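**Q**
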Amino acid sequence: MSQVVDHLAELTGFRDRDVMDVTLVMALRDLLEPESAAIYRTVGEPGHERWLTRAHLRAGDAVATADPLWAKPDSLPLVATHPLRLEAMRTRSVTQVAQGGQWLYLFPIATDRDVIGVIEILSTRRLGTGAQRMVSSVLRIYHNFQGLLDYSERDTLTGLLNRKTFDESFLKVLSDIPARPDAKHEAEDRRHDTATPHYVLGVIDIDHFKTVNDRFGHLIGDEVLLLLSRLMRGSFRFHDMLYRFGGEEFVVLMRCDEEIHAGEAFERLRLNTERYAFPQVGRITVSIGFTEVRRGDGPATAFERADKAVYHAKGHGRNQVHNYAALVASGVIQEAVQHDNSDAELF
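At position 131 of the sequence shown (counting the first as 1) the number is 130 in numbering that gives the first Met the number 0, and the numbers step up by one without a gap.
1. Hey, could you find the ends of the alpha helix (DSSP H) R132 is sitting in?
2. In the DSSP assignment, find the unbroken beta strand (DSSP E) run with N322 in it and report its ends.
3. What are the boundary residues of the alpha helix (DSSP H) that P82 is part of?
4. Are there any heavy atoms of the ligand ATP lying less than 8 Å away from the beta-carbon of R162, as far as the coordinates show?
5. Decide if G220 is buried, meaning its Cβ has at least 16 other Cβ atoms within 10 Å, or exposed.
6. When you compare each of L200, Y141, R112, V211 to T290 by their alpha carbons, which one comes out closest?
7. When DSSP labels each residue in this structure, what does P298 get in the three-state scheme?
8. Once the 5 residues before and after H81 are set aside, which same chain residues still bring their CB inside 8 Å of it?
9. Nearest to V117 by alpha carbon, out of T94, G127, M133?
10. So for Y39, helix, strand or coil by DSSP?
11. DSSP state of V223, grouped into three classes?
12. Could you please give the first and the last residue of the uninterrupted beta strand (DSSP E) stretch that includes E247?
13. At which residue ranges does the stretch 90-126 contain complete beta strand (DSSP E) runs of 3 or more residues, listed in the order of the chain?
14. Hey, would you say M231 sits closer than 9 Å to L159, going by beta carbons?
15. What residues match up with G201 in a beta bridge as DSSP calls it?
16. For S135, collect the residues of the same chain with a Cβ closer than 8 Å to its Cβ; drop the 5 residues on either side in sequence, then sort them by chain order.
17. Who does M19 pair with in a DSSP beta bridge?
18. Look up F265 in the DSSP assignment and say whether it is helix, strand or coil.
19. Along the chain, where does the beta strand (DSSP E) that runs through T52 open and close?
20. Sorted by chain position, which residues of the same chain lie with C-beta nearer than 6 Å to A186's C-beta, five sequence neighbours on each side aside?
21. Tell me the DSSP secondary structure of L68 in three-state form.
22. Can you give the Cα-Cα distance for N161 and F244, rounded to whole angstroms?
23. Just the C-alpha distance for S414 and T157, rounded to the nearest angstrom, thanks.
24. Looking only at C-alpha atoms, which of R269, F208, M253 sits nearest to K171?
25. Alpha carbon to alpha carbon, how far is G59 from R28? Give it in angstroms, no decimals.
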């Protein structure tokens, strides 16, 4: 019993979801001593879902393996390739199957709104009722703690990440950006290092949103915000981080190969929004600005650059997407001067 309590204390001691998932499979391995324990989640649009491995730990592994969050969907297995996982999710019940002298156990992982994945345990011996009940109890605690994190980290209206989580995510992004090479080697590095990550911050602002609230009331305005958040989920990839900063302002933090790919994603959102028939309101448009995140940026510095691009869009007809770097290169706006206090937190 003390071992179980120790693992639960460790599990609820983290606010990082990646660490929580790894800690969960480590706890299950220590408690059950199976051949392997893993967490799989479904990602992607309905009809095109894939399995994302959140954490996989075998009996002799020192560390868990996982799919990178920025993995391309085509590289992940389709959900149909593992029908037993789908069955456990559909029935919301524990599934057990004998496989070549071993036992496979699947425990569904649910949120308050949906079933999002499974815990998969492969064991050489059959788990008794007590062991299965213990796993289910641990998962209930895991679910409750995830719910607390959602309550503190997500906007209550849209379900997107909220403003106060942005700084922490931004600092993680900075730690993944390599130091810029000197000018002598930069061109050659670009030719050979295709794995260098690029991160882009985009700011999205609903055009004339005050008019929507004034004409139709705040309930309809809230519905517009909720529908736009759904359009955002459909326009970006599962691993792009989507935030509502309050009012009609949204932020996207995304990893991409090139800035042009980010521009395509933001243009997709602009078109999807323009073409969508919002109930009672009709046509809504958005103005979008984005910038590449630079090593040494502070949250306020990068946000300010993207916001300048939004301001340009607002002043030149709205319903546009603008890249800050392109605006500077064309001489339309001047490069912002980075002050010594650029790393000061704005949010």
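We put the CB at the ideal spot given by N, CA and C, even for glycine. This one's a predicted model, so the numbers in the text were calculated from it and none came from an experiment.
**A** In short:
1. 128-152
2. 320-322
3. 82-90
4. Absent from the structure shown: the ligand ATP. Ligands present: none.
5. buried
6. L200
7. helix
8. Y39, W50
9. T94
10. strand
11. helix
12. That residue, E247, is in no beta strand (DSSP E); it is neither H nor E in DSSP.
13. 94-98, 101-109, 114-122
14. yes
15. V251, F289
16. V93, F106
17. Looking at the DSSP assignment, M19 forms no beta bridge with any residue, so it has no partner.
18. helix
19. 49-57
20. The predicted position of A186 is uncertain, since its pLDDT is 48 and thus under 50; no value can be drawn from it.
21. coil
22. 6 Å
23. Outside the displayed span of the chain (0 to 346) sits residue 414, for which this structure offers no information.
24. M253
25. 10 Å
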